[in-house]
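Chemist:
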Amino acid sequence: MSKVLPDLSYTKTHEWVKSATDGSVTIGITDHAQEALGDIVFVEVPQQGRKLAAGEAFAVVESVKAASDIYSPVAGEVMESNSQLTDSPEKINADAYGSWIVRLKPANPAELKALLDAKAYEQVLKDEK
Amino acid sequence: MGKQTVLYDTHVASGARMVDFGGWDMPVNYGSQIEEHHAVRRDAGMFDVSHMTVLDLEGANTREFLGKLLANDVGKLRVPGKALYSCMLNEQGGVIDDLIVYFLRDDWFRMVVNAATHDKDLDWITEQAQAFDVMINERDLAMIAVQGPNARSKAVQALPAEAREAALALKPFTALKYGGFFIARTGYTGEDGFEIMLPPAQAADFWKSLHAQGVVPCGLGARDTLRLEAAMNLYGQDMDERVSPLEAGLDWTVAWDPAERVFIGRYALEAQRDVGIKRKLVGLLLEEPGVMRSHQKVIAEGAGEGEITSGTFSPTLQHSIALARVPVNTAGNVQVDIRGKLCKARVVKPPFVRNGKVLIK
Numbered sequence: 000m001s002k003v004l005p006d007l008s009y010t011k012t013h014e015w016v017k018s019a020t021d022g023s024v025t026i027g028i029t030d031h032a033q034e035a036l037g038d039i040v041f042v043e044v045p046q047q048g049r050k051l052a053a054g055e056a057f058a059v060v061e062s063v064k065a066a067s068d069i070y071s072p073v074a075g076e077v078m079e080s081n082s083q084l085t086d087s088p089e090k091i092n093a094d095a096y097g098s099w100i101v102r103l104k105p106a107n108p109a110e111l112k113a114l115l116d117a118k119a120y121e122q123v124l125k126d127e128k
Numbered sequence: 000m001g002k003q004t005v006l007y008d009t010h011v012a013s014g015a016r017m018v019d020f021g022g023w024d025m026p027v028n029y030g031s032q033i034e035e036h037h038a039v040r041r042d043a044g045m046f047d048v049s050h051m052t053v054l055d056l057e058g059a060n061t062r063e064f065l066g067k068l069l070a071n072d073v074g075k076l077r078v079p080g081k082a083l084y085s086c087m088l089n090e091q092g093g094v095i096d097d098l099i100v101y102f103l104r105d106d107w108f109r110m111v112v113n114a115a116t117h118d119k120d121l122d123w124i125t126e127q128a129q130a131f132d133v134m135i136n137e138r139d140l141a142m143i144a145v146q147g148p149n150a151r152s153k154a155v156q157a158l159p160a161e162a163r164e165a166a167l168a169l170k171p172f173t174a175l176k177y178g179g180f181f182i183a184r185t186g187y188t189g190e191d192g193f194e195i196m197l198p199p200a201q202a203a204d205f206w207k208s209l210h211a212q213g214v215v216p217c218g219l220g221a222r223d224t225l226r227l228e229a230a231m232n233l234y235g236q237d238m239d240e241r242v243s244p245l246e247a248g249l250d251w252t253v254a255w256d257p258a259e260r261v262f263i264g265r266y267a268l269e270a271q272r273d274v275g276i277k278r279k280l281v282g283l284l285l286e287e288p289g290v291m292r293s294h295q296k297v298i299a300e301g302a303g304e305g306e307i308t309s310g311t312f313s314p315t316l317q318h319s320i321a322l323a324r325v326p327v328n329t330a331g332n333v334q335v336d337i338r339g340k341l342c343k344a345r346v347v348k349p350p351f352v353r354n355g356k357v358l359i360k
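Quick mapping for you: the protein sequence lines, in order, are chains G and F. Numbering that gives the first Met the number 0 puts the first residue of the first sequence at 0, with every later residue one more than the last. Numbering that gives the first Met the number 0 puts the first residue of the second sequence at 0, with every later residue one more than the last.
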C-alpha cells in the first residue's frame, strides 16, 4: 500500500502540495504515482518565473514505461525548480514526498483550501482500485 | 478481467504489477524494472511467456505447407530440434505475424506465434493448410523463458536430472523434448538462455525451483527494454500487415533461394526489392536528455519524415534508444519531435546491446 502523509495536501491527479511559512508551496508526485510509473529516468522541470494556471501541465516525469504530465494544483509563479532531479530522477522513486519538483508562489492562496486532505486522497486511491 | 496464465497466482503472490497485454493479465514488473533488466544482462532472469500460442502442425505435407506459408525456408531445417525465425506474410508482402518454427519430425513441426495475433493467425493458417491436409493442434503448454549469461547453468538445476546434460549440450536455436518438457535454446532478450515449454500443472513448481536457483522473476517491462536493446522487432509495433519484412529490418529472414519456392507474399516482395524500398527500419540514439516513444515523428533533413516504432530508456546505455521507420536515404543525424520539442538523435546500426556488450559507438 502506498504512503500518504497526513500533513500534505493532494490532487486527484496524484500531486502533493506542501505549504511553507513564507506562503510558497512545494509540489511533487505522490508515492502512489511513483509506484504506478515505475523506475523514473527523466524529469523535465519548468523555467523559473513561468506563470502557471491551475491544472496546467508544467513538468514531465518519464519512467522506463511511460511519460506522465504533472499538473499544477493551483495558479502561481515558478520560484524554483529542483535541479537535483535532472541528474538523479530516481530520487522520486526512493522518496516521493522528499522530492519536490517545483516551488511555487500561489497567485491566490485561497485555492489551496480546495485541495484534498490526506483522508480525501486516500479515498481517491481506494476508489481507483 | 483478461485471460490468466497458469502462473497468475504465483505472480500476484510475489507482488507483481499486472497489466493487460493482448487480452492477458501479465506481470509488467515485480519490483524495479531496471533491476530486472540488469539481472538478465548480468546473471539470469525468467519470464512467464505462457500467453504465447504454441501450434503443432502434423501431417506428411507439413514441410511443403510451411514452404508456402513462411518467408523463411523450412528447407533449412534438416536436423530434428532445429529452429527457424520467420515472418508469415499476406499476398501483399505485409507481415501477418513473426514466429519461431521447430522441426521435430518429417510429419511434425511446432510453431510459436504471438498472443495478440492468436485469432487471426489461426484463421489464416487453417485456411492455408486446407490444400495440404495438415492438422493444426493448439497446445496447452506453459512457457518460461530463462535468459542471461548464467541462465542455462541455473535453469538445468531445475530440470529433471536425466535431461540436464542434453539441455546443456543444445546448440543455439535448437530444441529437445524430454518427457513433458520442450527445451529450446532461444529467446527474446539478446542473451543466451532457454525457452522452456512444460505441462501447465508443473509450471508453478518449476518457476519456484528456478527462483530457488537465483533466477530473478522479470516482467514484460524488462522484456521490452531487453528486446529493444537487442533490436528484436515487436509485432504490432515495429511491423504489421502494412509493412514488409524489407521495410522492417528483416531482409535476412526472407529466403529468396530456391527461386522456385513460391511462398505467400513472394511476388510482392520481389517487386518491392526490384523497385527498391522507400522506407527502412533504423536504430536511433537520442543525443540529449529525454525518452523517445513510439509514434513520435522523426525528421530527416533532405530525406523526409518517419516515425519511431519503439522507443524507450535503455538501462544498459543509460540513454534513450529507439527503432524508427524512416525514408530509405536517411543517415547521420535526425530530429525527433518529443512532445513538441525537436531533439537531436543519431542514426545507428542496431542492435544496441547483445550478450551484455554495447555494440554501438
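No residue lacks a Cβ here, since even glycine has one placed at the ideal position from N, Cα and C. For clarity, every value in this text was computed on a predicted model and none was experimentally measured.
Please classify lysine 75 (chain F) as buried or exposed, where buried requires at least 16 neighbouring CB atoms within 10 angstroms.
Modeler: Answer is exposed; the Cβ neighbour count stays below 16.
Chemist: Mind checking the region 51–67 of chain G against chain F and listing, in chain order, the residues whose C-beta falls within less than 9 Å of any C-beta there?
Modeler: Those residues of the region 51–67 of chain G that come within reach of chain F (Cβ to Cβ, closer than 9 Å) are Val59, Glu61, Ser62, Val63, Lys64, Ala65 and Ala66.
Chemist: Using the Cβ count rule (16 or more neighbours within 10 Å means buried), how would you classify methionine 0 (chain F)?
Modeler: Looking at its Cβ environment, which holds fewer than 16 other Cβ atoms inside 10 Å, methionine 0 (chain F) is exposed.
Chemist: Please decide whether glutamine 32 (chain F) counts as near chain G, where near means a Cβ-Cβ distance under 7 Å.
Modeler: So, interface residue.
Chemist: Nearest CA to the CA of glutamate 79 (chain G): which residue from G:Val24, G:Leu4 and G:Leu7?
Modeler: Nearest C-alpha to glutamate 79 (chain G): G:Val24.
Chemist: Where does histidine 294 (chain F) sit, in a helix, a strand or coil, going by DSSP?
Modeler: Three-state result, histidine 294 (chain F): coil.
Chemist: Just reading off the beta strand (DSSP E) that lysine 17 (chain G) is part of, what are its end residues?
Modeler: That run of the beta strand (DSSP E) goes 14–18.
Chemist: Determine the direct distance from the alpha carbon of alanine 12 (chain F) to that of tyrosine 266 (chain F), and round the result to whole angstroms.
Modeler: About 51 Å.
Chemist: Under the three-state reduction of DSSP, which class applies to glycine 339 (chain F): helix, strand or coil?
Modeler: Coil, per DSSP.
Chemist: Taking the CB atoms as reference points, tell me whether tyrosine 135 (chain G) and tyrosine 9 (chain G) lie closer together than 7 Å.
Modeler: With chain G covering only 0 through 128, there is no way to say anything about residue 135 (chain G).
Chemist: Quick check: the region 238–250 of chain F against the region 45–60 of chain F, are at least 3 beta-carbon pairs closer than 8 Å?
Modeler: The region 45–60 of chain F is not in contact with the region 238–250 of chain F.
Chemist: With 7 Å as the limit, tell me which residues of the region 222–238 of chain F have their beta carbon closer than that to any beta carbon of chain G; keep them in chain order.
Modeler: So the list reads Thr224, given in the order they occur along the chain.
Chemist: Output, in sequence order along the chain, the residues in the region 22–49 of chain G whose CB is closer than 7 Å to any CB in chain F.
Modeler: Cβ contacts with chain F come from Gly37, Asp38, Val40 and Phe41.
Chemist: Going along chain G in order, which residues have a C-beta closer than 7 Å to the C-beta of proline 288 (chain F)?
Modeler: Near proline 288 (chain F) (Cβ distances below 7 Å), the residues of chain G are Phe41.
Chemist: Under a Cβ-count criterion, where at least 16 other Cβ atoms within 10 Å of its own Cβ denotes burial, should valine 78 (chain F) be classed as buried or exposed?
Modeler: Exposed, by the Cβ-count rule.
Chemist: Please determine, among F:Asp19, F:Val48 and F:Gly44, the residue with the shortest C-alpha to C-alpha distance to valine 369 (chain F).
Modeler: Chain F is shown only over 0 to 360; residue 369 (chain F) falls outside these bounds and no answer can be derived.
Chemist: In the region 66–128 of chain G, which residue ranges form an unbroken alpha helix (DSSP H) of at least 4 residues, counting only runs that do not cross its ends?
Modeler: The region 66–128 of chain G contains these whole alpha helix (DSSP H) runs: 83–86, 90–93 and 117–127.
Chemist: Measure the CB-CB distance between alanine 56 (chain G) and glutamate 43 (chain G) and report whether it falls below 7 Å.
Modeler: No, Cβ-Cβ distance for alanine 56 (chain G) and glutamate 43 (chain G) is not below 7 Å.
Chemist: Could you say if the region 32–41 of chain F and the region 214–223 of chain F meet the contact criterion of at least three C-beta pairs nearer than 8 Å?
Modeler: Touching, per the Cβ criterion.
Chemist: Fully enclosed by the region 136–196 of chain F, which beta strand (DSSP E) runs are 3 residues long or longer?
Modeler: Taking only runs of at least 3 residues, the beta strand (DSSP E) segments lying wholly in the region 136–196 of chain F are 141–146, 174–177 and 180–183.
Chemist: Do we get a CB-CB distance below 7 Å when we pair phenylalanine 312 (chain F) with the residues of chain G?
Modeler: Judged by the 7 Å Cβ criterion, phenylalanine 312 (chain F) is in contact with chain G.
Chemist: Does the Cβ of glutamate 161 (chain F) have 16 or more other Cβ atoms within 10 Å, making it buried, or fewer, making it exposed?
Modeler: Flag for glutamate 161 (chain F) reads exposed.
Chemist: Does any CB atom of chain G fall closer than 7 Å to the CB of glycine 14 (chain F)?
Modeler: By this cut-off, glycine 14 (chain F) is not an interface position.
Chemist: On the three-pair Cβ rule with 8 Å, is the region 139–159 of chain F touching the region 192–207 of chain F?
Modeler: Verdict: yes, contact present.
Chemist: Since glycine 220 (chain F) meets chain G, which of its residues come closer than 7 Å, beta carbon to beta carbon?
Modeler: Ordered by position in chain G, the residues that pass the 7 Å Cβ test against glycine 220 (chain F) are Gly37, Val63 and Lys64.
Chemist: Going by C-alpha to C-alpha distance, which of F:Arg40, F:Gly44 and F:Met51 sits closest to glycine 21 (chain F)?
Modeler: Among F:Arg40, F:Gly44 and F:Met51, the Cα nearest to that of glycine 21 (chain F) is on F:Met51.
Chemist: In terms of residues, what are the limits of the beta strand (DSSP E) holding serine 208 (chain F)?
Modeler: No beta strand (DSSP E) holds serine 208 (chain F); the alpha helix (DSSP H) holding it covers 199–211.
Chemist: Got a sec, what are the start and stop residues for the beta strand (DSSP E) tyrosine 361 (chain F) sits in?
Modeler: Only positions 0 to 360 of chain F appear in the structure, and residue 361 (chain F) is not among them; the question remains open.
Chemist: Beta carbons nearer than 8 Å to chain G: which residues of the region 149–172 of chain F have them?
Modeler: The region 149–172 of chain F vs chain G, Cβ under 8 Å: nothing.
Chemist: Kindly list the residues whose CB is nearer than 8 Å to the CB of glutamine 46 (chain G), restricted to its own chain and excluding five residues on each side of it in sequence; keep chain order.
Modeler: Only Val77 and Ser80 meet the Cβ criterion.
Chemist: Got a sec? Which residues, its chain only, sit under 8 Å from proline 198 (chain F) by beta carbon, not counting five neighbours each side?
Modeler: Excluding sequence neighbours, proline 198 (chain F) sits near Leu140, Ala141 and Gly179.
Chemist: I need the straight-line Cα distance from alanine 109 (chain G) to alanine 74 (chain G), nearest angstrom please.
Modeler: Distance between the alpha carbons of alanine 109 (chain G) and alanine 74 (chain G) is about 11 Å.
Chemist: Can you name the start and end residues of the alpha helix (DSSP H) that histidine 37 (chain F) belongs to?
Modeler: From DSSP, the alpha helix (DSSP H) with histidine 37 (chain F) extends over 32–41.
Chemist: Among F:Glu164, F:Leu284, F:Lys296 and F:Val335, which has the Cα closest to the Cα of valine 347 (chain F)?
Modeler: That would be F:Leu284, whose Cα lies nearest to the Cα of valine 347 (chain F).
Chemist: Who are the near neighbours of valine 133 (chain F) in its chain, counting only those whose CB is closer than 8 Å to its CB and skipping five residues on each side?
Modeler: Answer for valine 133 (chain F): Leu56, Glu57, Gly58, Asn60, Thr61 and Phe64, listed in chain order.
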